[in-house]
Structures are given as C-alpha cells and as structure tokens.
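Just so you know, the protein sequences line up as chains A and B, in that order. Those letters in the first sequence? Residues 4 to 116, per our numbering, in order. Those letters in the second sequence? Residues 402 to 515, per our numbering, in order. This report refers to the structure that appears directly beneath it.
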Amino acid sequence: SQQGEEDPQALSIQEGENATMNCSYKTSINNLQWYRQNSGRGLVHLILIRSNEREKHSGRLRVTLDTSKKSSSLLITASRAADTASYFCATVAIKAAGNKLTFGGGTRVLVKP
Amino acid sequence: EAGVVQSPRYKIIEKKQPVAFWCNPISGHNTLYWYLQNLGQGPELLIRYENEEAVDDSQLPKDRFSAERLKGVDSTLKIQPAELGDSAVYLCASSHRGGKAEQFFGPGTRLTVL
C-alpha cells in the first residue's frame with residue numbers, strides 16, 4: 004500500500020518556469036525523501052528532509068516539510084527540459100524497521116522547451 | 402563508483418512460465434531491497450535483506466515469489482509460475498546498513514507476461 008498522495012498527478016510547464024508538487028502522508032515520520040525517475044530508468048535520490056527540519060535546499064530544488072499537516076512540497080526553480088520526469092516522495096516512518104521507504108504515487112512533470 | 406546493476410532489463414514470457422531477475426548492489430552496501438512498480442504508481446517494497454538475511458519479506462507473495470541473497474552480495478528474485486498481473490517493473494536498491502540513509506536504485510527489469 005502507498006502512504007503518500009501526490010498532487011498534482013501531472014504537471015506541464017514551459018522551460019524556465021517553476022514547478023511545485025505536493026505530498027501528503029499518513030503516519031508520523033523520521034524523514035521524507037524525494038526521488039526522480041526518468042522514463043524507463045531507476046529512481047534517483049534528490050533530497051532528504053528530517054522530521055525536525057522545515058526547509059531544505061539543494062541547487063534548484065527547495066523542499067518544505069510541515070509535520071503538523073503531514074505534508075511536504077518540492078519546488079524546482081527555473082525548470083529545464085531535462086527536468087522532465089516523474090517525482091516521488093517517500094517516507095520513513097518513525098517505527099519503521101531499517102530504512103523502509105513508503106512511496107507516493109508520483110507527479111509526472113513535463114517541461115516543454 | 403558503479404551503481405546498482407540489474408539484468409535483464411526487459412523480459413517477455415508467457416503466463417505460467419518461471420522468470421528470474423538478478424541484482425548486484427553497490428559494493429559495500431549491506432542492505433538490499435526488491436521493489437515492485439506498477440505502471441503509473443510508486444514502488445512497493447517486496448523484500449529487504451541485511452547481508453544474507455531476509456529481515457522484511459512481509460509483502461512478498463510467497464506462494465509464487467522467492468528471493469535469495471547468497472553470500473550477502475548479489476540477489477535473485479524469482480517468480481514461478483508467472484501470472485498476467487505480475488507484469489511490472491522490478492527494481493533493486495541498496496543502501497548502507499542502518500541509519501535512515503538514501504537508497505540507490507538500479508534501472509529495473511520490465512517484465513511483460515503474455
């Protein structure tokens with residue numbers, strides 16, 4: 004079963020615009036991670052935000068976390084055609100054994116040149 | 402550093418046939434995962450290994466799926482017999498032991514059952 008709900012399911016933007024996608028989850032978490040998946044390929048880790056953090060940046064990526072609302076957002080600034088991919092949030096629950104990730108359904112992003 | 406290697410990349414079989422997927426994790430990674438990803442959905446964990454021990458196989462359909470990780474390095478996931486509903490991408494990932502570290506994913510094996 005998937006814990007997260009991602010919104011929107013699909014997003015189409017022009018190159019240079021910003022892309023924002025949201026993730027909601029159900030249980031208390033230790034951390035939340037965002038992954039990118041290009042067509043036909045495996046997932047690539049983008050960024051990890053811990054439950055005691057509210058915002059994190061990595062290059063053109065900005066992630067926020069609101070544990071009171073059990074939600075997170077991923078912002079990609081100044082998008083490029085190469086950012087076209089599916090983006091997944093994944094949570095590690097507080098009581099999860101090991102490093103068990105529970106993924107959301109993903110947001111499919113299309114960046115048009 | 403070499404990434405997670407999976408083979409084959411694509412497999413087409415008829416229902417009721419057996420199929421096996423192979424994964425070689427990143428060198429030094431003790432933890433290995435197998436995920437199932439259906440079209441348009443996020444991955445779902447099938448089984449997690451710590452070295453050669455399967456420590457979480459609660460999501461593995463044991464009537465037809467099996468996995469092994471001999472010597473705590475490479476791993477094989479098998480389906481016997483395959484059903485139409487098994488058509489999906491099977492992803493392997495690895496990570497360092499413990500902590501809440503990121504996982505590194507292989508390219509996956511896309512299985513089509515006819």
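Even glycine gets a Cβ: it sits at the ideal position worked out from N, Cα and C.
Relative to the C-alpha of residue i, which candidate in the options has its C-alpha closest?
i         : options                                       : result
B:Asp-464 : B:Pro-482, B:Ser-476, B:Phe-506 and B:Thr-513 : B:Pro-482
B:Lys-472 : B:Ala-421, B:Val-420 and B:Gly-429            : B:Gly-429
A:Glu-8   : A:Glu-20, A:Gly-19 and A:Asn-25               : A:Asn-25
A:Gln-40  : B:Lys-417, B:Val-420, B:Gly-507 and B:Ile-448 : B:Gly-507
A:Ser-74  : A:Gly-43, A:Lys-29, A:Asn-33 and A:Gly-19     : A:Lys-29
A:Tyr-38  : B:Pro-444, B:Arg-410 and B:Lys-479            : B:Pro-444
A:Asn-34  : A:Ser-15, A:Asn-102 and A:Leu-46              : A:Asn-102
B:Cys-424 : B:Pro-462, B:Val-514 and B:Arg-449            : B:Arg-449
A:Gly-62  : A:Ser-15, A:Gly-107, A:Thr-80 and A:Gln-12    : A:Thr-80
With a threshold of 8 angstroms between beta carbons, is residue i in contact with chain B?
i         : result
A:Gly-62  : no
A:Arg-44  : yes
A:Lys-103 : yes
A:Leu-35  : no
A:Gly-109 : yes
A:Ala-100 : yes
A:Leu-51  : yes
My understanding is that residue i touches residue j, with C-beta atoms under 8 angstroms, so please give their C-beta distance in whole angstroms.
i         : j        : result
A:Leu-104 : A:Ala-93 : 4 angstroms
A:Ser-82  : A:Ala-22 : 5 angstroms
Check the Cβ-Cβ distances between residue i and every residue of chain A, and say whether any is below 8 angstroms.
i         : result
B:Val-406 : no
B:Phe-506 : yes
B:Pro-482 : no
B:Pro-419 : no
Taking 7 angstroms as the cut-off, is the beta-carbon of residue i closer than that to any non-hydrogen atom of the ligand FMN?
i         : result
B:Lys-416 : Summarising the ligand content, the structure contains no ligands, and the ligand FMN is consequently not present.
Task: Stretch pair the stretch 406-415 of chain B + the stretch 60-69 of chain A: three plus CB contacts closer than 8 angstroms - done: no
Open item on the list: For the pair the stretch 489-499 of chain B and the stretch 420-435 of chain B, tell me if three or more CB-CB distances fall below 8 angstroms.
Closed with: yes
Task: At least three beta-carbon pairs within less than 8 angstroms, the stretch 104-113 of chain A to the stretch 449-469 of chain B - done: no
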